[in-house]
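Heads up: the structure comes next, in structure tokens.
Chains as they are written, first to last, in full-length UniProt numbering: chain U, 1 to 729; chain Z, 1 to 729.
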């Protein structure tokens, strides 16, 4: 052949082949996951499980121990200079961790005892003079036990009241006072002093009940039955054990509202108008004081009247528990309080790690910072844990980790006084928070034991919590045993064969505003003790005493800080599961199941009363199933499909908020299922409006509340339906 | 050369070239707009302007004329069988247009006169017997004028009341009754009949004022001063002109609330508990009746008492307008009403065209369907227009058009009675609608003239409205003149050199629930007449009379239906602008400007009272500017960036909703800027809470309302800030 032709032919062929190849390569070969290789594929990227592992393995018990020790070396009560100082500590740490940090403050009504003059309860006999005058301070066992605020009941007024009549009203529940009045007569309660034991209900309600029944003053004390179950000898109490010693006294707020008392509904900003203290009915009006059982024992011996029934009896030795009346030996009892109300600044610290893909969705972890005394358990176990969480996330951030959604950390002020810091913040920013928060995870009292993690949450978080729990080691248990494994051993629902997680959080800590006003799906967790081993102790015995010091935790609760470490790992990895998963891992079918349980727990005389609500819940259950079914055919690479699905999940929890709350005086109690009922007459799982109506027994009111609850359940169903088919036919 | 080697070399070279080409083509050449060519590029696609043009050019005046003629050939009052029948007509049309259609019904409290016995006003003299007994029906001019409901005031009770005292109270405004009482004495008003002329304020308030001042009954009439401004001879009134003839009577509701009277707050679903009529204070309690001025003229001649001032005088000939008192010639006046309350079903029709990309965002067009008589103007001008809009969109849909966001069309029942159909729907689905609706566009009385389009809207819609108006031809104007051009000629703000668009919609039609409860950014429009040419007529004179027939529109208002066509084009293309633009074209800086105007219009004795609010508005203005500035560097190809931006726009309008409304009895009046004030004492632009407080003159109340308004403005600012920087420092 002619070489020249061959060469020309070859060159032509090569050029052609090159061109054809380019064309084939550019148009013909689909990029594998072609959408994934584009600029926006990351919008729907799956969570990287490595982040969970990195986080978990980086949490260090030793750091939490160090932080707890430091944070509890100084008092940090709300409103005093230490409020700001402790806030600055958090602020510095969070700035170091790379968060965007602010320290918003609110001027709020607080309350303090007198630094120099302790509040006192004095028992005098007509002949012999003072039988006992309480010390007003607790015995010091421990150098850690720095001088902190004296025992007092915040917001109870100053003043001196005395009476020759002393009554004992058990736990001060409404039924206790009612029973007492039926026994001794309403008239004799007027102007008396009433002594009640701590436990069962919020202390503010005890004082209010006594006030409502006409008492001039109230005394609270911790009975050993509930706080020193193994006896009161030194070897059975602090500082030998972690039970309450005789002079231990529980401080706390006696205000029955939430948020700054002078600015209900609206935040206590500089421009906000304020109520006058005198017009706030949720502030107590009778001088009241908490005392230790050592002193209470002396006083109770002078109770007159008949003996109480067995279930009213405490376990103080040499005391016959009686209803009371005129004190024996013509004695009189006096409560003298030097408390004062003051308007003070309290600080929240807010730190935000901005999300990279959906920065307008927030996963929030929070805890209050303020403590009555040194607060090693309440709340600083949680604060120290939170600081380790942010430390690890800050390190990850330095190494390139960017959360999909924003992570928000909150250190609340003035929680002890009435959830004040968190409520004011939520009231101020409700328009932002309500639209954007996925979940709030509370770390108040993160650790008060080391047996298992006790969790309360919205039902929709169940699966995500399980997922997190399967990744995190259980404290002080054999290697490999996870939090989940421990649950299945010691905290399992035998009917469902799943871990027990309580649904509905209550009103005792800062998740309350998130439940009631924001409408996010929230979580509260505490590593806690085995109640059975502690004679069913209600709470840890040294709660709100000056014995909440570092060594309490180190010696009796979590010596190696493994429970704290687990709490840090669990809460942090749960936050990451929620922030990183493109599709929010919220399981709404759990809500349907829970609603059925709740409606079955309602106790109407006529079962048909609840029919509309049952129907609505059945519909909800079906609609939820259909929603979940539809989501299975979702295109998970379409950023809008997952965003729209996620938005429906967010809207669901908010569908349960009644904008009007429970009425003009309780407009912040908005969650139709989980707001606290006004009456506490029997244990109820939900639907406070219906619960109250049943207790009140007014037929038309029951029907009305059932109709309203039905309305909200049906509204929730409508949010889950297809976008062009949400109208009931 | 050796051919064999050459050939092998060539083949190798070709293969190599092919391979290299493929590699170059696959990896080396970036696809132009590589993100745009992927599967999800359409998520951020720009609106196709061709859709706007196609829509505009497809709207046909002739179709609207045909529909109006058909729809006004049968009565369609709320609650009677024709309510459902007229709903079925809409339903069929919308199914034909490809919408997902439902017909939700509500059982609500309505009111009707007696079919056989007309309500009557009778003037009798002691000697001569009946001087006049009103006919109770209007004169028939026109075969179109089918028998429809007799003139009555809905919800006024049945009964017979009479008195020898008749008073004239001008327009029945609060200041009119107050003035009258000051002249004749409160005591003499008790048990009297009070006659008032239509105009200025809602008729329900006239009746309530008369009731409040002690009247036993009320009579309303249309004075020629407001309804027949060129005289009352046949050549100056219907059916020669479009002004009110002597027997024309204005029907209407006298209920001063909104939504079903028996289910405030909650929707009137089958399971909802209902109030009893007797407990609803917004229902009138005195028999009342509307009459024509022909009959009123006879009655007014018998008014006793002193002459009224000039601004109280109407223009009835041979009448001396007096305050009243004992009727002349010892006459007595009787109002006899056979009205009845009834619980009836009313229907909404809802049609949805599901969006393709963001189906969870709704652009809504709506109008009520019910009319007192044949309603050719109110509301059917709007219904016929709406049917043409859906026809065109349905055609486009058949041809492949898919809206980005969902389009929702609503035909409301029972609006005339008190916005009932729309309010019940909104109350029922607030959890869906509140989260998802961008805008509601109302077409009630779409056309009552052909001079210019009068628009009221939320400030943020301004720019989008202008954009639409520049695309749409102005009716009966030279070719090429757009709606915008006409505005700049005859309806321009000379200071800003922009068209006048009123901000704030009021409470007269179905946008009210969308403003107050949903929180979307809404619009109401009417092609209207030149007031200057009609002696500043308040509304079209034949409003709510039986003369609202097809020929009224054909002869006097819009002979070629070009105004209807323009309304269809304008409203439809505005809906498309809102549904198709990836970035919502809402201009929030307009809100800042409007807020400044509003606060400047508030009239406090102490200007410093408003300082916190002014500061908040200044901050809002600055934050809005920064938001707009940041949006300029938005990556408009990132579906999440535009979605997050759009969500902030949606959240802004909702930031102005106070969940508690104006108080327990007005909890549905939630918009802090645009809810109607309780007092009407002076013209105000917004902030009803502050307005009412200023009128009441209580300093502490003013301060409180200013603080609350400040709170909401600051809250709105926080929604516009960066996601990690929304906390005020």
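From the three backbone atoms N, C-alpha and C, an ideal C-beta is built for every residue, glycine too. As the structure is a prediction and not an experimental result, all values here were calculated from the model.
Mapping the DSSP letters down to three states, classify residue 312 of chain U as helix, strand or coil. For residue 312 of chain U, the secondary structure class from DSSP, reduced to helix, strand or coil, is helix.
Thinking just about the alpha-carbon of each residue, which of Z/78, Z/693 and Z/299 is nearest to the one in residue 105 of chain Z? Z/78
Residue 99 of chain U: buried (16+ other C-beta within 10 angstroms of its C-beta) or exposed? buried
Look at the alpha carbon of residue 443 of chain Z and the alpha carbon of residue 382 of chain Z, and state the distance between them as a whole number of angstroms. 5 Å
Assign residue 126 of chain Z to buried or exposed, taking buried as 16 or more other Cβ atoms, counted over all protein chains shown, within 10 Å of its Cβ. exposed
Can you look up residue 50 of chain U in the DSSP assignment and give me helix, strand or coil? In this structure, residue 50 of chain U counts as helix in the three-state DSSP scheme.
Length of the line joining the Cα atoms of residue 628 of chain Z and residue 585 of chain Z: 12 Å
Could you name each continuous alpha helix (DSSP H) segment of 4 residues or more that falls completely within the region 90-123 of chain Z, going from the start of the chain to the end? As summarised for the region 90-123 of chain Z, there are no continuous alpha helix (DSSP H) elements at least 4 residues long confined to that stretch.
Cβ closer than 8 Å: which chain U residues qualify as neighbours of residue 359 of chain Z? 644, 723 and 724
Per DSSP, what kind of secondary structure is residue 289 of chain Z in: helix, strand or coil? Shown here, residue 289 of chain Z sits in a strand according to DSSP, grouped into three states.
Cα-Cα separation, residue 40 of chain U to residue 636 of chain Z: Between residue 40 of chain U and residue 636 of chain Z, the alpha-carbon positions lie close to 12 Å from each other.
Please report the straight-line C-alpha distance between residue 471 of chain U and residue 563 of chain U, rounded to a whole angstrom. 15 Å
Contacting positions in the region 555-571 of chain U - beta carbon closer than 7 Å to chain Z: none
Give me the Cα-Cα distance between residue 336 of chain U and residue 288 of chain U, rounded to the nearest whole angstrom. Taking the straight line joining both Cα atoms gives about 8 Å.
At what residues does the beta strand (DSSP E) containing residue 345 of chain U begin and finish? Counting along the chain, residue 345 of chain U sits inside the beta strand (DSSP E) bounded by residues 340-347.
Boundaries of the beta strand (DSSP E) in which residue 218 of chain U is found, first to last residue: 217-221
In whole angstroms, what is the alpha-carbon distance linking residue 531 of chain U and residue 542 of chain U? The C-alpha of residue 531 of chain U lies about 15 Å from the C-alpha of residue 542 of chain U.
Using a 10 Å radius around the Cβ and a threshold of 16 neighbouring Cβ atoms, would you call residue 634 of chain Z buried or exposed? exposed
So if DSSP puts residue 482 of chain U in a beta bridge, which residue, or which two residues, is it bridged to? U/473
CB contact check: residue 704 of chain Z to chain U, cutoff 9 Å: yes
Could you tell me the alpha carbon to alpha carbon distance between residue 207 of chain U and residue 201 of chain U, rounded to whole angstroms? 11 Å
Segment limits, beta strand (DSSP E) that includes residue 324 of chain Z: Here the beta strand (DSSP E) through residue 324 of chain Z covers 324-326.
What is the residue span of the alpha helix (DSSP H) that residue 650 of chain U lies within? 639-655
Could you compute how far the alpha carbon of residue 511 of chain U sits from the alpha carbon of residue 672 of chain Z? 28 Å
What does the Cβ neighbour count give for residue 227 of chain Z, buried or exposed, with the cut at 16 atoms within 10 Å? buried
Give every residue of the same chain whose Cβ lies closer than 7 Å to the Cβ of residue 667 of chain U, excluding the five residues on either side of it in the sequence, and list them in chain order. 265, 660 and 661
Helix, strand or coil: how does DSSP classify residue 154 of chain Z here? strand
Taking only runs of the beta strand (DSSP E) that begin and end inside the region 200-276 of chain Z, which ones reach a length of at least 3 residues, in chain order? 217-221
Under 9 Å between C-beta atoms of residue 517 of chain Z and residue 657 of chain Z: yes
How many Å lie between residue 458 of chain Z and residue 587 of chain Z at the Cα? 10 Å
Specify the secondary structure class of residue 76 of chain Z as computed by DSSP and reduced to three states. coil
How about residue 739 of chain Z and residue 188 of chain Z: are their beta carbons less than 9 Å apart? Residue 739 of chain Z lies beyond the residue range present for chain Z, which begins at 1 and ends at 729; the question has no answer from this structure.
For a cutoff of 9 Å on Cβ pairs, would you count residue 234 of chain Z as touching chain U? It does not: the Cβ of residue 234 of chain Z has no partner Cβ on chain U nearer than 9 Å.
DSSP beta-bridge partners of residue 502 of chain U: Residue pairing of residue 502 of chain U in beta bridges, as defined by DSSP: U/456.
For the alpha helix (DSSP H) holding residue 625 of chain Z, just list the boundary residues, first then last. 611-631
The alpha helix (DSSP H) spanning residue 167 of chain Z covers which residue range? Looking at the DSSP string, residue 167 of chain Z is not in any alpha helix (DSSP H); the run it does join, the beta strand (DSSP E), is 165-168.
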